[in-house]
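Below is one structure, written out as structure tokens; the observations come after it.
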Amino acid sequence: MVKFSPRDPEAHYNLGVAQQRLGKLANAEKSFLKAITLQPNYAEAHCNLGIMQQQLGRLAEAEKSFGQAISLKPEFAEAHNAIAIVFKQTGRLEEAEASYKTAIAVKPDFVNARVNYGNTLSEMGNFKEAEINYKQALALRPSDAKACWCLHGIQKTLQSAEYWIEKCLEIDGNHTAAKLTKAALKFYRGEREEFDRLMRSELRNHPYMRSFNWVFNLPNLPELYFNRWYFFDAIVKKSNVRRPFYEFGVWRGTSFRYFMDVFKKGFGFDTFLGLPEDWVVGAAVEKEGFYSSNGRVPDIEGGQFIVGQFEDTLPTFFSESRPVASLINFDADLYSSTICALKYCRSVIDENTILIFDEFLINEGWENDEHKALIEFCSIFGFSYEVLAVSFFSKQVALRLERIKCSSNQNLKYAHTSKDK
Numbered sequence: 041m042v043k044f045s046p047r048d049p050e051a052h053y054n055l056g057v058a059q060q061r062l063g064k065l066a067n068a069e070k071s072f073l074k075a076i077t078l079q080p081n082y083a084e085a086h087c088n089l090g091i092m093q094q095q096l097g098r099l100a101e102a103e104k105s106f107g108q109a110i111s112l113k114p115e116f117a118e119a120h121n122a123i124a125i126v127f128k129q130t131g132r133l134e135e136a137e138a139s140y141k142t143a144i145a146v147k148p149d150f151v152n153a154r155v156n157y158g159n160t161l162s163e164m165g166n167f168k169e170a171e172i173n174y175k176q177a178l179a180l181r182p183s184d185a186k187a188c189w190c191l192h193g194i195q196k197t198l199q200s201a202e203y204w205i206e207k208c209l210e211i212d213g214n215h216t217a218a219k220l221t222k223a224a225l226k227f228y229r230g231e232r233e234e235f236d237r238l239m240r241s242e243l244r245n246h247p248y249m250r251s252f253n254w255v256f257n258l259p260n261l262p263e264l265y266f267n268r269w270y271f272f273d274a275i276v277k278k279s280n281v282r283r284p285f286y287e288f289g290v291w292r293g294t295s296f297r298y299f300m301d302v303f304k305k306g307f308g309f310d311t312f313l314g315l316p317e318d319w320v321v322g323a324a325v326e327k328e329g330f331y332s333s334n335g336r337v338p339d340i341e342g343g344q345f346i347v348g349q350f351e352d353t354l355p356t357f358f359s360e361s362r363p364v365a366s367l368i369n370f371d372a373d374l375y376s377s378t379i380c381a382l383k384y385c386r387s388v389i390d391e392n393t394i395l396i397f398d399e400f401l402i403n404e405g406w407e408n409d410e411h412k413a414l415i416e417f418c419s420i421f422g423f424s425y426e427v428l429a430v431s432f433f434s435k436q437v438a439l440r441l442e443r444i445k446c447s448s449n450q451n452l453k454y455a456h457t458s459k460d461k
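The letter at position 199 of the sequence shown is residue 239 when you use our numbering, and the numbering goes up by one with no holes.
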């Protein structure tokens, strides 16, 4: 079609759509750009161009393309949904919420937008509204297994989480995450037969199974939660609220604000410029600069922010006496930043300090990131640990260190590359 209609923008657009379906993203991008060159007001081409840029990890460009599509066609529900996804990916949850609302107002039966909106509301801790949107999505499309999966992640109880996992599997019996999670939830109820069967199957090396197996081989089965906010609620109840908290990896300050409401004093460490290099998560790659707030430091009363690479800021900060931590939230994701943070903050950890790791489990290759840092740290300094709580859905682990064997004045001069975000 393009060969015979080289000046036809629709021909280039259709070619781009075909290339997109074949996974030829770079070629599709060129086709959409050609369509836009021929017809600058082609809103659909701008939107699809943004999708290609988004999939190629160029979120700023994608946001611009979606914005252009919306300016050309203000009631373009798909473009509002697409730009909302970018807002959520870049931590701008309020902007994402506004765009999802617009998409749904324009197209009330837009199932994907309702599920995506529910995910944003869940991340904001608004579980009531999240549940409404997930259930509205199911009412519109009863075969939507994703909505059921997401509903399990906003539950408070094992029983209610199991209900939505079962619903998910009724819709899609091949939903691997739900199938494996069902076995894990049964294990928590004392029924381990299904988990043992899966451990003898070809799924035994799935990252979910490796995560579950790590937890199930701990000396004591930790408390189980289904999302980060109920997880945080439980952990702060175990903490000494008279002490401050520390957070490594602040980004836009969402969790920092939560902790400030409890502890009133906190120290946050971040470059606010995103990951300094690519983070390989199995087949996916989060590119250098991801998790950037463009250098914007949150304005949070009571919070003290130490800006810069960990290897530059931590030696100076911890060279002075600092208050012992109630809680430390490690949210820098990568092994090297986490081990650096652990080693330098050791002086503010005692037997009552709770350590939270935000990306500890579930990811493909999780054993090479925060988990590896913890194991190495404990090996070097003679610690063991007691795991208090886990959340498989949000990938979190909370623990206390035990049997401290090293003297507090041991030399802590280490050279590590920061991966703070």
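For each residue, glycine too, the CB sits at the ideal point set by N, CA and C.
Would you list the one or two residues that DSSP bridges to Glu391?
Its beta-bridge partners do not exist; DSSP assigns none.
Same chain only: Cβ atoms within 7 Å of Ile340, ignoring 5 sequence neighbours per side:
Within the same chain, Ile340 has close Cβ partners Gly293, Phe296, Arg297 and Met300.
Taking the alpha-carbon of Ile420 as reference, which of Pro182, Leu382 and Glu231 has the nearest alpha-carbon?
Leu382
Tell me the rounded alpha-carbon separation between Glu410 and Phe397.
7 Å
Would you mind listing the alpha helix (DSSP H) stretches within the stretch 304-385 that are 4+ residues and don't spill past its ends, in chain order?
Correct list: 350-357 and 375-384.
Where Phe397 sits in the DSSP three-state scheme:
strand
When you compare only the Cα positions, how much space is there between Ala85 and Ala153?
20 Å
Pick out whichever of Ala323, Ala324, Val325 and Phe330 has its Cα sitting closest to the Cα of Leu313.
Taking only the C-alpha atoms, the option nearest Leu313 is Phe330.
Going along the chain, which residues of its own chain have a beta-carbon closer than 8 Å to the beta-carbon of Glu171, five neighbours each way excluded?
Gly158, Leu191 and Ile194
Since Pro49 and Ala75 are thought to touch, with beta carbons under 8 Å apart, how far apart are those beta carbons, to the nearest angstrom?
4 Å
Can you give me the C-alpha to C-alpha distance between Ser361 and Val146, rounded to a whole angstrom?
Just so you know, the alpha carbons of Ser361 and Val146 end up roughly 56 Å apart.
Expressed to the nearest angstrom, what Euclidean distance is found between the alpha-carbon atoms of Cys418 and Ile379?
Roughly 10 Å separates the two Cα atoms.
Unbroken beta strand (DSSP E) run spanning Leu439, endpoints
Here the beta strand (DSSP E) through Leu439 covers Gln436 to Glu442.
Mapping DSSP to helix, strand and coil, what is Phe116?
coil
Measure from the alpha carbon of Glu19 to the alpha carbon of each residue in Ile368, Asp373 and Ala274, then state which is nearest.
Because residue 19 is not part of the residues shown, which for the chain are 41 to 461, the question remains open.
Three-way DSSP call (helix, strand, coil) for Leu264 in this model
Here Leu264 sits in strand by DSSP.
Best match in Ile123, Glu69, Leu439 and Glu426 for proximity to Pro259 [C-alpha to C-alpha]
Glu426
For Phe150, which three-state DSSP category applies?
coil
Using CA atoms only, rank isn't needed, just tell me which of Ala323, Ala201, Ala185 and Phe307 is closest to Thr216.
Ala185
Starting from Ser71, follow the alpha helix (DSSP H) in both directions and report where the run begins and ends.
Leu65 to Leu78
Under 8 Å between C-beta atoms, does Ile402 make it to chain B?
Protein chain content of the structure displayed is limited to a single chain, and chain B is not contained in it.
Per-residue burial, Arg244 [other beta carbons within 10 Å of its own, 16 or more giving buried]:
exposed
Is the distance from the Cβ of Tyr286 to the Cβ of Val388 below 8 Å?
yes
Expressed to the nearest angstrom, what Euclidean distance is found between the alpha-carbon atoms of Cys87 and Ile110?
8 Å
Within the same chain, show all residues whose beta-carbon is closer than 6 Å to that of Pro363, passing over the 5 residues directly before and after it, in chain order.
Result list for Pro363: Pro284, in chain order.
Do Gly306 and Asp371 come within 8 Å of each other at the CB atom, strictly closer than that value?
Cβ atoms of Asp371 and Gly306: not closer than 8 Å.
For Lys461 and Leu315, what's the separation of their Cα atoms in angstroms?
Low local confidence applies: a pLDDT of 42 at Lys461 is under 50, so the model's placement there is unreliable, with the coordinate-based value given in what follows. Whole-angstrom Cα-Cα distance: 5 Å.
On the DSSP letters alone, give me the boundaries of the alpha helix (DSSP H) that Val57 sits inside.
Pro49 to Arg61
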